[in-house]
Amino acid sequence: MAEPTTEKLKCAYCRDEITDKPVKKGGKVYCCEACAFQGSQAKACDGR
Ligand SMILES: [Zn+2]
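At the far end of the sequence shown sits residue 136, using my numbering, and the numbering has no gaps.
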């Protein structure tokens with residue numbers, strides 16, 4: 089999906105609004121490296 093980067097981003101893990109620089113990982117954005125780590129781990133074994 090092509091989403092405009094000017095839109096408000098929300099953390100894919102904690103759903104917080106990302107007002108600082110987003111952390112991109114695995115095609116998703118997170119508010120911080122900690123969430124990026126947790127988020128990528130949480131879906132790692134989902135099978136999709
Ligand atoms: Zn977060």
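All C-beta atoms in this analysis are idealised placements derived from N, C-alpha and C, irrespective of residue type, glycine included. In this text, all values refer to a predicted model and were calculated from it rather than measured experimentally.
Taking non-hydrogen atoms of ligand 1 into account, the C-beta of aspartate 104 is found less than 8 Å away from one of them. Distance between lysine 96 and glutamine 129, taken at the CA atoms: about 24 Å. In this structure, the straight-line span from the alpha carbon of glycine 114 to that of aspartate 104 is close to 18 Å.
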